[in-house]
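If you read the sequence shown in numbering that gives the first Met the number 0, its first letter stands for residue 0, the second for the next number, and so on.
Have a look at the structure below before the remarks.
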Amino acid sequence: MTTREKTILAVMAVAAAAVLLAAPFIGMEKITPAALAADKGMTAEIFWRIRVPRVIIGFIAGASLALSGMAFQAVFRNPLATPFTLGVSSGAAFGAALYMKAGIVFGLAWLPGQSVSAFAWAAVSIALVYGLTRVRRGFSTATMLIAGVAISFFFSSLILFMQYMSDFTQSFRIVRWLMGGVETLGYSSIWTLIPFMVFGAGIIFVSLRELDLLSLGDDIAAGRGVEVKRTRRRIFIAASLLVGGVVSVCGPIAFVGMMAPHICRLLVGEGHTRLAPASFLFGGTFLVLCDTLARTVIAPAEIPVGVITALLGGPFFLWLLLGGASEKSFLFGRGAV
């Protein structure tokens, strides 16, 4: 790792810390440190019970989506692979929509019923994609991508059908949840996300060498001692758990998993030992900033953060397509790691 790359990572870490410290003070009404110290009533309640948990969830969700997007792009050697390519997001969205439609209120331990249902169906989508891939007696990237796209469309169709069969209130709740958001009250949602992030991110971080080799091609990876099928399966499951955990709590938040790894490649290069921490820091910081914008730009109303990321993601994709990145980078046709 060069001095320049170390400096960039250090700047990202400092920027992430600064954003995490500053964002809770910004909102419909700004809260100053002096006001927070002087007021132990409503101001403190808003700060500690609403804004701080929201910022933490935003960072965890953004970091998880960025890291999973980086992993998917490396495993599939496809710069357009995102955390939503393989149907995990659609499965989780269907689970949440089914919970809203059923009108049954339940919970599991500290998890609300909506999160339980969303993650359960995310797990079902992972199992379906994996099962369909195994039917072909292999674990090829092409087969998995086709299976993922098929499962994604299937669950999306079920969501549309459910919306059509719902009353106005249920339909509105489903549509609003599908826009994505990090709104919360208290810290229970954080404890829901942390196990998924620790487990999924841990597997990805200990697999960075394998990701470097997989991104160069299966033959090269196998020649360097990587068990390609087993490694790809392990990373696929880890990244899917990251996405499933985020979507079960926050809903689908698009484009973070595509934008963050691309931007970080321009800053620190292709090697995953530096790209992974950069994506983690940048993704978390980016989503916190997007959410800060979402809750202030038309205050006192709020915009779902998924709308903000989608508005930014469309132009970013066109920039990539029309020449913002070289064809070599865009098509993953590189040789140096």
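Don't be surprised by glycine CBs; every beta carbon is placed ideally from N, CA and C.
Asked: Between the CA atoms of threonine 6 and serine 206 - distance to the nearest angstrom; Found: 24 Å
Asked: Inter-stretch contact (C-beta, 8 Å, three-pair minimum) for the stretch 175 to 187 and the stretch 122 to 136; Found: no
Asked: Inter-residue Cα distance where the pair is leucine 192 and alanine 62; Found: 11 Å
Asked: Cβ-Cβ distance between alanine 95 and tryptophan 176 below 8 Å; Found: yes
Asked: Lysine 327 in three-state terms, based on DSSP; Found: Note that lysine 327 scores a pLDDT of 46, beneath 50, so its modelled location is shaky; the value from the coordinates is reported in the next line. In the structure shown, lysine 327 sits in a helix (DSSP, three-state: H, G or I).
Asked: Minimum C-alpha distance to glutamate 28 - residue among Leu274, Met41, Ser88, Val18; Found: Met41
Asked: Cβ neighbour criterion (16 or more within 10 Å) applied to leucine 317; Found: exposed
Asked: Those runs of the alpha helix (DSSP H) which lie wholly inside the stretch 31 to 89 and span at least 4 residues; Found: 32 to 37, 41 to 45, 51 to 75
Asked: Proximity of leucine 274 and methionine 69 at Cβ, strictly below 8 Å; Found: yes
Asked: 8 Å Cβ cutoff met for glycine 312 and methionine 258; Found: yes
Asked: Helix, strand or coil at phenylalanine 153 [DSSP, three-state]; Found: helix
Asked: Alpha helix (DSSP H) runs contained entirely in the stretch 197 to 241, provided each spans 4 or more residues; Found: 207 to 213, 217 to 222
Asked: Glutamate 4 - containing alpha helix (DSSP H), residue span; Found: 2 to 21
Asked: Neighbourhood of glutamine 169 by C-beta distance below 7 Å, restricted to the same chain and skipping five residues each side; Found: Met99, Lys100
Asked: Same chain, Cβ closer than 6 Å to isoleucine 202, neighbours up to 5 away in sequence not counted; Found: Ala237
Asked: Local conformation of isoleucine 189 per DSSP, three classes; Found: helix
Asked: Contact set for glutamate 326: own chain, Cβ-Cβ below 6 Å, skip 5 residues either direction; Found: Its pLDDT being 44, under 50, glutamate 326 is placed unreliably in this model, and the value from its coordinates should be taken loosely. Here the set comprises nothing.
Asked: Unbroken alpha helix (DSSP H) run spanning leucine 265, endpoints; Found: 255 to 267
Asked: Own chain partners of threonine 308 with C-beta closer than 7 Å, once the 5 adjacent residues on each side are dropped; Found: Ile252, Ala253, Phe254, Val255, Cys289
Asked: Exposure of serine 114, with buried meaning 16 or more beta-carbon neighbours within 10 Å; Found: buried
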